[in-house]
Amino acid sequence: MDPWMAACSKCSRADGHDPTRRTGVPRGSSGSMWQSAVCPECGRSGHCKTGRLCSALLCCALLCSAVLCCAVLCCAVLCSALLCCALLCCAVLCCALLCCAVLCCALLCSALLCCAVLCCAVLCCAVLCCAVLCCAVLCCAVLCCAVLCCAVLCCAVLCCAVLCCAVLCSALLCSAVLCCAVLCSALLCFANGESGGRQD
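Each residue of the sequence shown is one higher than the last, beginning at 1 in full-length UniProt numbering.
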């Protein structure tokens with residue numbers, strides 16, 4: 001079909017065009033899509049050289065552009081959704097790890113604190129037991145020393161008493177012996193005097 005046989009935009013006639021009545025010059029370079037021609041019925045010029053084919057191609061191009069834009073938009077939305085999901089999963093995972101770390105630190109600190117308290121309690125008990133034992137040993141030593149001192153003092157006092165008694169007894173015995181001797185001497189002298197007087 002002659003490309004000049006496209007329908008007229010004014011009278012819609014698609015046949016009977018006379019290719020010999022082309023007028024004007026091509027617009028733009030050679031092979032331009034638009035060229036001046038005259039309709040034999042209405043005398044209107046400016047028909048499309050390719051006719052309805054250009055409209056179909058334009059519609060296809062627009063449709064492909066729309067489909068491509070929709071695909072790009074869907075890809076962008078999908079990528080954004082996937083990125084948001086990935087970021088959300090990373091945030092949840094980081095929060096979970098942080099919570100686990102905090103919980104582990106709290107448990108570790110509690111365990112260390114319990115161990116420290118237990119060690120302090122054991123150390124305090126050991127120190128208290130040692131102090132009680134030392135006090136008991138010291139008290140026993142002091143008591144033994146006191147008992148020993150009392151025994152030594154009692155022995156000393158007893159010895160002094162025995163010595164004093166012995167000295168007193170000796171003194172009394174000596175005094176008695178002396179008195180007896182004096183009395184015997186006196187009696188003897190008196191007896192001798194009586195005997196001498198009778199002889200005279």
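Backbone N, C-alpha and C define an ideal beta-carbon position, used for all residues, glycine too.
Exercise. Could you give the distance in angstroms between the alpha-carbon of C125 and the alpha-carbon of V147?
Worked result: Numbered from its first residue, the sequence shown carries residue 125 at position 125. Numbered from its first residue, the sequence shown carries residue 147 at position 147. In a straight line, the C-alpha of C125 is about 32 Å away from that of V147.
For this session: Please report how far the alpha carbon of A136 lies from the alpha carbon of A151, in whole angstroms.
Result: Your numbering for residue 136 matches position 136 in the sequence shown. Your numbering for residue 151 matches position 151 in the sequence shown. Each residue's alpha carbon lies about 22 Å from the other.
Exercise. Fully enclosed by the stretch 102-162, which beta strand (DSSP E) runs are 3 residues long or longer?
Worked result: For the stretch 102-162, there is no continuous beta strand (DSSP E) assignment of 3+ residues that stays within its boundaries.
Exercise. Roughly how many whole angstroms lie between the Cα atoms of S65 and C89?
Worked result: Residue 65 sits at position 65 when you count from the first residue of the sequence shown. Residue 89 sits at position 89 when you count from the first residue of the sequence shown. Computed Cα separation, rounded: 35 Å.
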